[in-house]
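These protein sequence lines map, in sequence, to chains A, B, C and D.
What the first sequence shows, in my numbering, is residues 953 to 1321, in sequence order.
What the second sequence shows, in my numbering, is residues 953 to 1321, in sequence order.
What the third sequence shows, in my numbering, is residues 953 to 1321, in sequence order.
What the fourth sequence shows, in my numbering, is residues 953 to 1321, in sequence order.
Quick notes on the structure that follows.
Number of protein chains: 4
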Amino acid sequence: MAGSTFGNNFRLTTWGESHGAALGVVIDGCPAGLKLDESDIQEHLNRRRPGQSKYTTARSESDRVHILSGTFNGLTTGTPVSMVVYNEDHHSSDYSEIASYYRPGHADYTFDMKYGFRDFRGGGRSSGRETIGRVAAGAVALAILRELGITLLCYTYSVGEIQIDPGCFDAEEIFSNPLFMPDRNAAKRASDYLDGLRAKGDSAGGVAELKIFGMPAGIGEPVFDKLDAELSKAIMSIGAVKAVEIGDGVLASSNVGSVNNDPFSCDEHGNIKKTTNHSGGILGGISDGDVITLRAHFKPTPSISMSQNTVKRNGENISVNIKGRHDPIIVPRAVVVVESMAAVTVVDLLMSNMSSRMDSLKAFYTPTP
Amino acid sequence: MAGSTFGNNFRLTTWGESHGAALGVVIDGCPAGLKLDESDIQEHLNRRRPGQSKYTTARSESDRVHILSGTFNGLTTGTPVSMVVYNEDHHSSDYSEIASYYRPGHADYTFDMKYGFRDFRGGGRSSGRETIGRVAAGAVALAILRELGITLLCYTYSVGEIQIDPGCFDAEEIFSNPLFMPDRNAAKRASDYLDGLRAKGDSAGGVAELKIFGMPAGIGEPVFDKLDAELSKAIMSIGAVKAVEIGDGVLASSNVGSVNNDPFSCDEHGNIKKTTNHSGGILGGISDGDVITLRAHFKPTPSISMSQNTVKRNGENISVNIKGRHDPIIVPRAVVVVESMAAVTVVDLLMSNMSSRMDSLKAFYTPTP
Amino acid sequence: MAGSTFGNNFRLTTWGESHGAALGVVIDGCPAGLKLDESDIQEHLNRRRPGQSKYTTARSESDRVHILSGTFNGLTTGTPVSMVVYNEDHHSSDYSEIASYYRPGHADYTFDMKYGFRDFRGGGRSSGRETIGRVAAGAVALAILRELGITLLCYTYSVGEIQIDPGCFDAEEIFSNPLFMPDRNAAKRASDYLDGLRAKGDSAGGVAELKIFGMPAGIGEPVFDKLDAELSKAIMSIGAVKAVEIGDGVLASSNVGSVNNDPFSCDEHGNIKKTTNHSGGILGGISDGDVITLRAHFKPTPSISMSQNTVKRNGENISVNIKGRHDPIIVPRAVVVVESMAAVTVVDLLMSNMSSRMDSLKAFYTPTP
Amino acid sequence: MAGSTFGNNFRLTTWGESHGAALGVVIDGCPAGLKLDESDIQEHLNRRRPGQSKYTTARSESDRVHILSGTFNGLTTGTPVSMVVYNEDHHSSDYSEIASYYRPGHADYTFDMKYGFRDFRGGGRSSGRETIGRVAAGAVALAILRELGITLLCYTYSVGEIQIDPGCFDAEEIFSNPLFMPDRNAAKRASDYLDGLRAKGDSAGGVAELKIFGMPAGIGEPVFDKLDAELSKAIMSIGAVKAVEIGDGVLASSNVGSVNNDPFSCDEHGNIKKTTNHSGGILGGISDGDVITLRAHFKPTPSISMSQNTVKRNGENISVNIKGRHDPIIVPRAVVVVESMAAVTVVDLLMSNMSSRMDSLKAFYTPTP
């Protein structure tokens, strides 16, 4: 239970360090018969690749994925899908200095406390590059969901205090600006804000918002493996996330029941729907057929070039300026990670749900001719 | 994977419905040699028992716990600890009406969608009574943690928009007011606010805050089973929770790195500490030795007596007034549930961590004489 | 991971000691809509109940089961099914003596080594009564399998060196003799053999054989969770089992490939079948559509009244005669346990298999009208 | 739960097909601080490499392992250890014919039944090459165990009906003959026997025997995760194994209690030992401090060049002669696989056991200065 495996029926195991030979993921439980080739994965990996804009680290990596197992003639076979990305630009020399001290806001200190020492080349396992395995697995999950008519949309909701204006929401805009914001004006203001911070060597936090469309009702397991509980774990497990909200989220705690409750209504076709969606598509931990909505709050990038106080491993108090060019904000590159983690969570719970009724088992194993 | 089991090494499985014969929990993996009797459990169950104040449902239950296995001569034996609470006041007649329609904000609709029908006596498995098993298990986890010098403190942080004033924080006050607020003035104002809502038949949301003291550094597993990820799942799995924050939580997303990063410092005794705690005691998903802080946002009680629109199972649109006396706010009785879920999460990760180093294994299995 | 939980999608957790207040099991993942009442469970528990013949211990227990949760109006609801049997005849005085020494062939010594002490009233958790939870859960699994057209038959295959004669196999005889042997003559000879051993205060080993009829092809997961691997764990986890055989079992290791390979053949209806069944219905860890066959070898009952050498906890070498009347053979009462463990294993793997193909997921979640 | 993951605290996930790009394994939960480099792994992989004698397939593979993550400066870091072996000699043309029909004794038919189609290049995932991941992980487990003073010895116990003579047991001989038999005479006779079968195009079954020395008492979890139950699953999950025996195994079922029970005795140093070892070092599913003994029965290699009857996928009944040179017996190359699976099982249970006592937790987390 060392924490690198996620999911039960659709199960991923990621591995790899920022400055090791490679990073990758093994998916066990991928259903047979899914059309899948490397371009399906590459498309999503490219969304988190470094070096694409002034808001991302200059590290030069093509992040090309290789599928090593689990497919045959363009289809998954039901056996584990192993995917690998080899590290190209891993000059450990860049990082030799940080071996001696603990970077504030990073996991240097906690890894040392846990393991007695650490791979000090970059963040090692706590680097943002760890998400490569998540995104590769997420691409497979997204391919499965697309076949089932379920689609996900994730974008930058806010940068510092600059939020998107819901009235100006434009889904097409998301892929048109380097901040992945669905509001051109907000993106412009956020860009200016980030330029100011970069000039000072500082960084910003932000929020990613996710919507899941086409989710059938009934998904999620009561009590501990609720849909929202599993999504929270999935999202909070992404580095730098400090809060997760479902539906109205933190606003729900200052609201009253008569407003927060979503009334049900039945239309002329006999379809039951909620007339509002404060719940974010989840009631009692189970999907209610409405759009799932979720927000992930990311702290500011901990790597800043401003001077900071910290300690060396030997206890000496020092002041440091962390060199190198770092992302001034994590959210834009994390948008695809949030989407990926949500996708693998949903696929896993869709699978669990298949055996929840006796009539499903009978239909599966004793089909009437 | 039907969702009633939590944890790996310290593993609980809860069971029971609000109007069935009993509710309970089995803990597997409780270490041998822990002093434990029923009074240790009862003390915590009493904190969530109904009928204790005007803010809790009038249902009359003594909620007396019985330990059926796993202890011998006052000590745990290492085998499963099975605990049961028999339901006393389960008059199904009170609930016969709600069988026909879907209560807004409840899990009635989603259970029907998932299973094809539901136990409509009360909330069944989605009732607040489901937390009895969590609290009984939490009491055992808290007893273990106390032996290790780790203590938890949980209280009501806000009721609607009324928050405690950090400057007036008084831990002793928590158990002196029925709202479990550590600020007498805030509790008084919250009480007035709730009285007003109750008079209208409405309900309020609120926030529970948790602190964990004495947590050793190094706990939590990298990547998916991070301490904050597991805590988020644990807390979000409690009914009515819509957001979870760690440390600065949602504030972190509008902050800048130069403020959000916690500097490290070494004192004259060679102890390394952070000088601030924006991280909430967790860096890279691993405890950093500081106080763990967490907030859980609860939506307002969905059971309100004001008139609401909804549908019957047959699709008929109706207006309903839900009868019975319900808690006007969930948080005060949920405080012990949040504390319990955090406790079982921490015990489980403390256990996982024991095998994370080769020197630990050697010290355990080849002790020097 | 303290070992009292079995299965993933259909998951049981057993608890209870031989001389505690009660024993029981929680099943999580039981599908909703299964007809189930206490008599379905009781029927199977009665097959392992003590005091039914001269070959079983005289302990007087009605072993009456109570279903405490998970059913409503005679149907399972999809939530955990908790079942309990209260101990009636648990006079600890009978066992006070054995607290001081280690019974040969029992788990007294190993429990002390693991936990530092043990519940010395009877076998505690290592007692044969621990199987009550397995059989109660097995009864539920058998009810599910019956609905899917899968049936299990388990019986005593040998007592000491006395085996059934395959030519005299009579399924109806199984429930007509107290040894549950499907061969009247063998049962008679075995009975005489056991009478002789009992007179000396000795005990016998034996073999239980299991057949599973109606098993669909394709069940079992490649590599580690093979059908035969999971069955082996399930059966070997029953106390006193020392060997498990699938199909030809140990004979396969002295056979040649040209005989051991089962040819495939297609009949006029297009049905593909093997013409022999050396494989025992499993190829590559996956069911091949043929009858599953399995044998479990049980050691002789370790509790014998003949004099034995052993040690006290304090290291004193002593000779003991264990008092009380004990089963002179374990197998007849274990037959229902073997059947139960096989049933829960099969149900779990049937559930896992439901998500193994993309076309299954599509048929489930996007049914064509 | 698609079956490619084994273990809880020390957890391996294998992947790869016989004719894909590569095969590998990810170990999650490997403790930090273990000395490990590729030569430690290669040594064990070489024991199962093809082409080493006339008893192994002629497929030419160097099976060179690459460690892609989880080590730094020659030590494991606590993060996942990912290992890969690239396939070199995977000419799919050799296998194109077998795509159309089902080889008797192979998993061709069952994979088709499960997934709707299969990777028909060689055995795909059911090939013996799948064990590469097991052996690589086993090498890591063996390195851990060596540090704890636990050693494993595995060898060929029988070939067909030719068994080793316990009186001639010579451990050094194991690595001196290509059959890995610890008895030179038996190896000679077995060799002659196999030559005869090869000349006919037939194959033989056999038995691998394993001993574990230095095992501490107290390892294994009661009830389902017993040491023998976990070992049985581990061993039975190896392709072609049809029976597993612990200690006396099948002989126990025809024995009597007065002989089968192992007496305890205390020597002058206060050490408690059993004076015989019918139990095979396991009582009640927990190690008793004695040598663990286990036997795995392998069926004959299913690939034989003699003519066999079978069917094509389209139902046509045919007769086939499978071409290519195949191992006439599986056991010699499987010896290292049995050893590997036992090693990973033992490491996992050693880890689980660390949290079984309250005094262990206290010693770990609140050490006295």
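Heads up, the beta-carbon is just placed ideally off N, CA and C, and yes, glycines get one too.
Task: Proximity to residue 1051(B) [Cα-Cα], best of 1318(B), 1311(B), 1274(B) and 1303(B) - done: 1274(B)
Task: Pairwise C-alpha distance: residue 1139(B) and residue 1122(B) - done: Each residue's alpha carbon lies about 12 Å from the other.
TODO: Just grab the DSSP bridge partners of residue 963(A) for me.
DONE: 980(A)
Task: Pairwise C-alpha distance: residue 1253(A) and residue 1060(D) - done: 52 Å
Task: Interfacial residues, the stretch 1046 to 1073 of chain B to chain A, with Cβ spacing under 9 Å - done: Hits within the stretch, in order: 1053, 1054, 1055, 1056, 1057, 1058, 1059, 1060, 1061, 1062, 1063, 1064, 1065, 1066, 1067 and 1068.
- [ ] Using a threshold of 8 Å, state whether the C-beta atoms of residue 1158(B) and residue 1087(B) are closer than that.
- [x] Not in contact: residue 1158(B) and residue 1087(B) (Cβ atoms no closer than 8 Å).
- [ ] Flag this pair as touching only if the stretch 1087 to 1105 of chain A and the stretch 1189 to 1204 of chain B have three or more C-beta atom pairs under 8 Å; answer yes or no.
- [x] Result no; under three Cβ-Cβ pairs closer than 8 Å.
Task: Burial state of residue 981(D), where buried means 16 or more other Cβ atoms lie within 10 Å - done: buried
Open item on the list: Let me see if you follow: with CB-CB separation under 8 Å, is residue 1113(B) close to chain A or not?
Closed with: Interface residue, yes.
Task: Residues near residue 1000(D) by beta carbon distance below 6 Å, same chain, minus five either side - done: 1087, 1285 and 1288
Task: Nearest candidate by alpha-carbon position, reference residue 983(D), set 967(D), 992(D), 962(D) and 1242(D) - done: 962(D)
Task: As assigned by DSSP and simplified to three states, the class of residue 1265(B) - done: coil
Open item on the list: Please list the terminal residues of the continuous alpha helix (DSSP H) segment that includes residue 1294(D).
Closed with: 1283 to 1305
Open item on the list: Counting only C-beta atoms, is residue 1309(D) closer than 8 Å to chain C at any point?
Closed with: yes
Task: Rounded Cβ spacing between residue 1290(B) and residue 1097(B) (contact assumed at less than 8 Å) - done: Contact between residue 1290(B) and residue 1097(B) is absent: CB atoms are separated by about 15 Å, not below the 8 Å threshold.
Open item on the list: Considering only the alpha carbon of each residue, which of 986(D), 978(D), 987(D) and 1015(D) lies closest to residue 994(D)?
Closed with: 1015(D)
- [ ] Mind listing the chain C neighbours of residue 1168(A)? Cutoff is C-beta to C-beta under 8 Å, in chain order.
- [x] 1317
Open item on the list: What would DSSP say about residue 1256(A), mapped onto helix, strand or coil?
Closed with: In the structure shown, residue 1256(A) sits in coil (DSSP, three-state: anything other than H, G, I, E or B).
TODO: Could you name the residues of chain D that residue 1280(A) contacts, counting a contact when the two beta carbons are closer than 8 Å?
DONE: Residues of chain D passing the Cβ test: none, with the nearest at roughly 28 Å.
Task: residue 1132(C) - containing beta strand (DSSP E), residue span - done: It is not in any beta strand (DSSP E) - residue 1132(C) carries neither H nor E in the DSSP assignment.
Task: Residues of its chain near residue 1282(B), where Cβ-Cβ distance is below 6 Å and the 5 sequence neighbours each way are ignored - done: 1192, 1250 and 1253
Task: C-beta atoms of residue 1172(D) and residue 1179(D) nearer than 8 Å - done: yes
Open item on the list: Counting C-beta neighbours from all protein chains within 10 Å, is the total for residue 1318(A) 16 or more, i.e. buried, or is it exposed?
Closed with: Result: exposed.
Task: chain C contact residues for residue 1198(D), given Cβ-Cβ distances below 9 Å - done: 1188, 1193, 1194 and 1195
- [ ] Please report the residue range of the beta strand (DSSP E) in which residue 1081(D) lies.
- [x] Looking at the DSSP string, residue 1081(D) is not in any beta strand (DSSP E), and its letter there is neither H nor E.
Task: Separation of residue 1189(B) from residue 1294(B), as counted between CA atoms - done: 11 Å
Task: For residue 1183(C), the nearest candidate out of 1234(C), 1218(C) and 1005(C) (CA to CA) - done: 1234(C)
Open item on the list: Strictly under 8 Å for the Cβ-Cβ distance: is residue 1314(A) near chain C by that measure?
Closed with: yes
Task: Spatially closest choice to residue 1231(D) from 1106(D), 957(D) and 1215(D), by CA coordinates - done: For the residues 1106(D), 957(D) and 1215(D), the minimum Cα distance to residue 1231(D) belongs to 1215(D).
Task: Through-space distance from residue 1241(A) to residue 979(A), alpha-carbon basis - done: 28 Å
Open item on the list: Relative to the C-alpha of residue 1019(A), which candidate in 1220(A), 1057(A) and 977(A) has its C-alpha closest?
Closed with: 977(A)
Open item on the list: Just to confirm, is the Cβ distance from residue 1084(D) to residue 988(D) under 8 Å?
Closed with: no
Open item on the list: Just list the residues that DSSP pairs residue 1228(B) with in beta bridges.
Closed with: In DSSP, residue 1228(B) forms no bridge with anything.
Open item on the list: Using 8 Å as the cut-off, can you tell me whether the stretch 1299 to 1318 of chain C makes contact with the stretch 1260 to 1273 of chain B, which would need three or more C-beta pairs spanning the two stretches below that distance?
Closed with: no
- [ ] Would you mind listing the beta strand (DSSP E) stretches within the stretch 1150 to 1214 of chain B that are 3+ residues and don't spill past its ends, in chain order?
- [x] With a minimum length of 3 residues, the continuous beta strand (DSSP E) runs that stay inside the stretch 1150 to 1214 of chain B are 1158 to 1165 and 1193 to 1198.
- [ ] Could you tell me whether the Cβ of residue 1222(B) comes closer than 8 Å to any Cβ of chain A?
- [x] yes
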